[in-house]
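In the working numbering, the protein residues as written are -2 to 307. Below you'll find the structure, written out as structure tokens, and then a few comments.
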Amino acid sequence: MNRHVTSGRWGLGLVLSLFTIFVWGGLPIVLKIMLISLDAFTMTWYRFVVAAVLMAVIVQRQGHFPLVRQLRGGYALVFLAAVLGFSCAYVFYPQSLQYISPSAAQVVNQISLLFLLLGAMLLFKERMTRIQVFGLMLLTGGIVLFFNEQLSELLSGDSAMIPGILWVTVAALALSTYTLTQKQLLQVLPTSVILFLIYTAGSILILPFVRFDSLLAQDSSQMVLLNVSAVISLVAFVTLVESLKHLEVFRVSMVLSAAPLVTVVDMMIAAPLVPGLLQPENLNFLSVSGAVLVVVGSILGNLRRTAKSR
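Printed below as a string of structure tokens:
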């Protein structure tokens, strides 16, 4: 099998990856606002349906629908794990936003790197390098530093933030499961087909928990926000895949690792503009420093692993 070679159009690759990180950085804020009138299951189901329809159009144009037949045997079980992981991540992450702020959720969500590295060690026999271990230490220390003002409450078990931290941790584990299983599915299916099947199966899986009464009660502005979140998150997935055609994986990973900082800045800008919808986070210097450490730790954790696999 020939190894993939980047196009050399690094400028285009950088623009595409930056678009992805700005979407992923701002999306938790949009989800936080939508949770005022929708529950996590209903919101996720609608986003899945919209994404599935759009992906169906893309797969049809590519002529890839016949490839679905290749999903059989052991790959069917891998696909089931991918659907569960993807669906749980998309439900549990917004669920966490009912208890913690978007910035806090993004910072804790970076722990998915730890789950990803451990999964790669167990499933693919990859070895964790010293720089990865150091990166994970920085990441963990950064998370602790980010919650410096709430640390005593968290350790005592009395903090109202604990359910949110647990939800986003489980979401990070679920997303890591999807990432690892997608790596196997790519052996038989292109990304577009995988996403179409996962969005479709996920919408069926979540359907029993959907509250259609609350969905039908949304006004026009809320529906616009819901549709925009569904479309733009899917577009971000596409731009991520496209950026990998022009930039090396480790360079894209370095850009994406900055998502928590994008969310922190977005919250600083958005909260004063819509005070009735978002509560200001009022992060101190240590919290912002913790977010920076989380980003640095994520970069180090991705750098050697992805660079080594080039």
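Ideal placement from N, C-alpha and C gives every residue a C-beta, glycine not left out.
**Message:** In this structure, how does DSSP classify Gln107 when only helix, strand and coil are distinguished?
**Reply:** The residue given as residue 107 occupies position 110 in the sequence shown. It is coil, neither helix nor strand.
**Asked** Where does Ser306 sit, in a helix, a strand or coil, going by DSSP?
**Response** In the sequence shown, counting from the first residue as 1, residue 306 sits at position 309. Confidence at Ser306 is low in this model, with a pLDDT of 40, below 50, so its placement is unreliable and the value that follows should be read with caution. When DSSP states are grouped into helix, strand and coil, Ser306 belongs to the coil group.
**Request:** Would you check if the region 68 to 85 and the region 198 to 209 touch, i.e. whether three or more CB-CB distances between them fall below 8 Å?
**Result:** Yes: at least three Cβ pairs fall under 8 Å.
**Residue range of the alpha helix (DSSP H) that includes Glu150** = As a first step, residue 150 is located in the sequence shown; it is residue number 153 there, counting from the start. That run of the alpha helix (DSSP H) goes Leu148 to Ser153.
**Item:** Contact check, Leu253 vs Ser93, beta carbons under 8 Å
**Value:** Translated into the one-based positions of the sequence shown, residue 253 becomes position 256. Translated into the one-based positions of the sequence shown, residue 93 becomes position 96. Taking 8 Å as the Cβ cut-off, Leu253 and Ser93 do not qualify as a contacting pair.
**Prompt:** Can you list, in chain order, the residues of its chain whose CB lies under 6 Å from that of Ile26, leaving out five sequence neighbours each side?
**Reply:** Residue mapping note: residue 26 aligns to position 29 of the sequence shown, counting from 1. Excluding five sequence positions before and after Ile26, the CB atoms of its chain that fall closer than 6 Å to its own CB belong to Pro99, Asp263 and Ala267, given in chain order.
**Request:** Following the continuous alpha helix (DSSP H) through Arg127, name the residue where it begins and the one where it ends.
**Result:** Here residue 127 is taken as the residue at index 130 of the sequence shown, counted from 1. In this chain, the alpha helix (DSSP H) harbouring Arg127 covers Arg127 to Phe143.
**Request:** Return the residue from the list Gln181, Leu202, Leu192 and Met251 that minimises the CA-CA distance to Gly71.
**Result:** For the purposes of this step, residue 71 is taken as residue 74 along the sequence shown, with counting starting at 1. The residue with the shortest Cα to Cα distance from Gly71 is Gln181.
**Prompt:** How is Asn224 classed by DSSP in three states: helix, strand or coil?
**Reply:** What you label residue 224 is simply residue 227 of the sequence shown in a count that begins at 1. Reduced to three states, the DSSP call for Asn224 is helix.
**Item:** Backbone CA spacing between Ala157 and Ser218 [nearest angstrom]
**Value:** Sequence index remark: in the sequence shown, residue 157 carries index 160 (1-based). Sequence index remark: in the sequence shown, residue 218 carries index 221 (1-based). Straight-line Cα distance between these residues: approximately 31 Å.
**Message:** Assuming Phe16 and Ala169 are in contact, meaning their beta carbons sit under 8 Å apart, how far apart are those beta carbons, in whole angstroms?
**Reply:** Counting from one through the sequence shown, the residue named residue 16 turns up at place 19. Counting from one through the sequence shown, the residue named residue 169 turns up at place 172. 23 Å between Cβ atoms; not a contact.
**Request:** Closer than 8 Å by C-beta to Arg124: which residues in its own chain qualify, once you throw out the five before and the five after it? Chain order, please.
**Result:** On the sequence shown, position 127 is the one that residue 124 refers to. Closer than 8 Å at the Cβ level, and outside the excluded window around Arg124, lie Met118.
**Request:** Quick one: using the 10 Å Cβ neighbour count with 16 as the cut-off for buried, is Gln179 buried or exposed?
**Result:** Numbered from 1 along the sequence shown, position 182 holds the residue referred to as residue 179. Residue burial is scored here from C-beta neighbours: Gln179 has at least 16 other C-beta atoms within 10 angstroms and is therefore classed as buried.
**Prompt:** Using a Cβ-Cβ cut-off of 8 Å (strictly less than) and excluding sequence neighbours within five positions of Val145, which residues of its own chain qualify?
**Reply:** Taking the first residue of the sequence shown as position 1, residue 145 is located at position 148. Per the sequence presented here, residue 145 reads as Asn, with Val not at that position. Only Asn281, Leu283, Ser284 and Gly287 meet the Cβ criterion.
**Request:** From the DSSP output, in three-state form, read off Arg0 for me.
**Result:** Along the sequence shown, read from residue 1 onward, the residue named residue 0 stands at position 3. Because Arg0 sits at a pLDDT of 43, beneath the cut-off of 50, its placement in the model cannot be relied upon, and the following sentence gives the value as read from the coordinates. Three-state DSSP puts Arg0 in coil, outside helix and strand.
**Segment contact flag, the region 128 to 145 with the region 103 to 111, C-beta cutoff 8 Å, min 3 pairs** = Touching, yes, given that three or more Cβ pairs across the two stretches are closer than 8 Å.
**Request:** For chain D, find out if any of its Cβ atoms is closer than 8 Å to the Cβ of Ser230; answer yes or no.
**Result:** This model lacks chain D altogether; it includes just one protein chain.
**Message:** Using the Cβ count rule (16 or more neighbours within 10 Å means buried), how would you classify Met52?
**Reply:** Against the sequence shown, residue 52 aligns to sequence position 55. Burial call: buried.
**Request:** At 3 residues or longer, and completely inside the region 8 to 71: list those beta strand (DSSP E) runs for me, N to C.
**Result:** Qualifying beta strand (DSSP E) stretches: none in this window.
**Request:** Over the uninterrupted alpha helix (DSSP H) stretch that includes Asp210, give me the two end residues.
**Result:** The residue labelled residue 210 in the question sits at position 213 within the sequence shown. Note, Asp210: alpha helix (DSSP H), Phe209 to Leu213.
**Message:** Am I right that Trp322 and Phe45 are in contact with their C-beta atoms under 8 Å? What's the rounded C-beta distance?
**Reply:** Residue 322 lies beyond the range of the chain shown here (-2 to 307); nothing can be said about it.
**Prompt:** Would you say Leu113 and Ser173 are within 8 Å of each other, going by their C-beta atoms?
**Reply:** The count along the sequence shown starts at 1 and reaches residue 113 at position 116. The count along the sequence shown starts at 1 and reaches residue 173 at position 176. Between Leu113 and Ser173, the CB-CB gap stays under 8 Å.
**Message:** Can you tell me whether Leu309 is helix, strand or coil according to DSSP?
**Reply:** Lying outside -2 to 307, the shown extent of the chain, residue 309 is not represented and no answer is given.
**Request:** Tell me whether Met158 sits in a helix, a strand or coil according to DSSP, three-state version.
**Result:** On the sequence shown, residue 158 is found 161 positions in, with the first residue counted as 1. Residue state for Met158 is assigned as coil, using DSSP reduced to three classes.
**Item:** Option nearest Arg58 by Cα separation, candidates Leu213, Val190 and Trp42
**Value:** The residue given as residue 58 occupies position 61 in the sequence shown. Nearest to Arg58 by C-alpha distance, out of Leu213, Val190 and Trp42, is Val190.
**Request:** Report yes if the CB atom of Gly23 is closer than 8 Å to the CB atom of Ser240, and no otherwise.
**Result:** Position 26 of the sequence shown, counted from the first residue, corresponds to residue 23. Position 243 of the sequence shown, counted from the first residue, corresponds to residue 240. Gly23 is not a Cβ neighbour of Ser240, given a cutoff of 8 Å.
**Message:** Going by DSSP in three states, Asn299 sits in which element: helix, strand or coil?
**Reply:** Taking the first residue of the sequence shown as 1, we reach residue 299 at position 302. The three-state reading of DSSP puts Asn299 in helix, counting H, G and I together.
**Request:** Assign Asn299 to one of two classes, buried (16 or more other C-beta atoms within 10 Å of its C-beta) or exposed (fewer than that).
**Result:** Within the sequence shown, numbered from 1, the residue matching residue 299 stands at position 302. Buried is the label assigned to Asn299, since at least 16 other Cβ atoms lie within 10 Å of its Cβ.
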